[in-house]
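Asker:
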Amino acid sequence: MSTPAMRRHAKSNHHGSSVLLRQCGSKRKKILRYLKEVSGKPLQQKDVENMIAEMRRETYISSDDNVRVSELLQNFGEGPGNTVRIFRDPATSLTSCITFQTAHMRRMARKFPDALCIDATHETNLNRYRLFSFMVTDKFGSGAFVQHALIDEETKFLLRSLLDLEMRAG
731 MSTPAMRRHA
741 KSNHHGSSVL
751 LRQCGSKRKK
761 ILRYLKEVSG
771 KPLQQKDVEN
781 MIAEMRRETY
791 ISSDDNVRVS
801 ELLQNFGEGP
811 GNTVRIFRDP
821 ATSLTSCITF
831 QTAHMRRMAR
841 KFPDALCIDA
851 THETNLNRYR
861 LFSFMVTDKF
871 GSGAFVQHAL
881 IDEETKFLLR
891 SLLDLEMRAG
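In this note's numbering, the protein residues as written are 731 to 900.
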């Protein structure tokens, strides 16, 4: 018989090892296999997923989503060659657009500046931001993303600004 309390006790005894496995990049199935072997308890995949979610929550510095996103973007932008741009309305201080590129994306944009595709999603997330993904393709049809932009409101000015930024980056 496997109850959540029994499974929780088995996980708590080996929490440090699980954290180390997760930090080293181990997959959920391997963590589950390890915990089953060490504890001898009938654990389930959902237990490992809950444990990982709990570990992730413990690493949050702030409970405010806005603060966490700002910190995440700042850390991303500090990476070598990574770029983050945030468009804010000066009157309201509301963010209307966030763009980000990795160093690899910038190299691909320079390599294939003429073949630009734009993919847009519509209301696929909780905050109803639109995700615009800029992509280049080679002569064989293989594509690579060169920039992502989260947009709150589609305005002609904002879309033109994004295209101008992309053209200058490439």
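Ideal placement from N, C-alpha and C gives every residue a C-beta, glycine not left out.
At the level of alpha carbons, what is the spacing between M781 and A821?
Answerer: Your numbering for residue 781 matches position 51 in the sequence shown. Your numbering for residue 821 matches position 91 in the sequence shown. Taking the straight line joining both Cα atoms gives about 43 Å.
Asker: From R787 to K771, what distance separates their C-alpha atoms?
Answerer: On the sequence shown, residue 787 is found 57 positions in, with the first residue counted as 1. On the sequence shown, residue 771 is found 41 positions in, with the first residue counted as 1. Here the alpha carbon of R787 sits roughly 25 Å from the alpha carbon of K771.
Asker: Does the Cβ of A833 have 16 or more other Cβ atoms within 10 Å, making it buried, or fewer, making it exposed?
Answerer: Taking the sequence shown and counting its residues from 1, the one referred to as residue 833 is at position 103. Burial call: exposed.
Asker: May I have the straight-line CA-CA distance separating R818 from Q774, to the nearest angstrom?
Answerer: Numbered from 1 along the sequence shown, position 88 holds the residue referred to as residue 818. Numbered from 1 along the sequence shown, position 44 holds the residue referred to as residue 774. In a straight line, the C-alpha of R818 is about 45 Å away from that of Q774.
Asker: Where does Q804 land, buried or exposed, given buried means 16+ other C-beta within 10 angstroms?
Answerer: Translated into positions along the sequence shown, residue 804 becomes position 74. Exposed, by the Cβ-count rule.
Asker: If you draw a straight line from the C-alpha of I881 to the C-alpha of I816, how long is it?
Answerer: Taking the sequence shown and counting its residues from 1, the one referred to as residue 881 is at position 151. Taking the sequence shown and counting its residues from 1, the one referred to as residue 816 is at position 86. Computed Cα separation, rounded: 10 Å.
Asker: Does DSSP put Q804 in a helix, a strand or coil?
Answerer: Within the sequence shown, the letter at position 74 stands for residue 804. Helix.
Asker: Out of curiosity, what's the CA-to-CA distance linking L846 and D777?
Answerer: The residue labelled residue 846 in the question sits at position 116 within the sequence shown. The residue labelled residue 777 in the question sits at position 47 within the sequence shown. If you take the alpha carbons of L846 and D777, they lie about 43 Å apart.
Asker: What are the boundary residues of the beta strand (DSSP E) that S863 is part of?
Answerer: Sequence index remark: in the sequence shown, residue 863 carries index 133 (1-based). 860–867 is the span of the beta strand (DSSP E), which, as asked, contains S863.
Asker: Could you name the residues of the same chain whose beta carbon sits closer than 8 Å to that of K766, not counting the 5 residues immediately before and after it, in chain order?
Answerer: The residue labelled residue 766 in the question sits at position 36 within the sequence shown. If we look at K766 and ignore the five residues flanking it on each side, its Cβ neighbours are P772, L773.
Asker: Based on Cα-Cα distance, which residue from L751, L856, D868 lies nearest to D795?
Answerer: The residue you call residue 795 lines up with position 65 of the sequence shown. Comparing Cα positions, the closest option is L856.
Asker: Where L888 and A850 are concerned, what is the direct C-alpha to C-alpha distance, given to the nearest angstrom?
Answerer: One-based indexing of the sequence shown puts residue 888 at position 158. One-based indexing of the sequence shown puts residue 850 at position 120. The alpha-carbon atoms of L888 and A850 are separated by roughly 14 Å.
Asker: Given that a residue counts as buried once 16 or more other Cβ atoms are within 10 Å of its Cβ, and exposed if not, what is T829?
Answerer: In the sequence shown, counting from the first residue as 1, residue 829 sits at position 99. So T829 counts as buried.
Asker: Would you say R890 touches the ligand FMN, meaning its beta carbon is less than 7 Å from a heavy atom?
Answerer: The ligand FMN is not among the ligands present in this structure, which contains no ligands whatsoever.
Asker: So, at 8 Å on beta carbons, what are the nonlocal neighbours of M865 in its own chain, with the 5 sequence-adjacent residues on each side left out?
Answerer: Here residue 865 is taken as the residue at index 135 of the sequence shown, counted from 1. Excluding sequence neighbours, M865 sits near L846, C847, I848, D849, G873, A874, F875, V876.
Asker: Please report the distance separating the alpha-carbon of G871 from that of Y764.
Answerer: Residue numbering aside, residue 871 sits at position 141 when the sequence shown is read from its first letter. Residue numbering aside, residue 764 sits at position 34 when the sequence shown is read from its first letter. G871 and Y764: Cα-Cα distance of roughly 42 Å.
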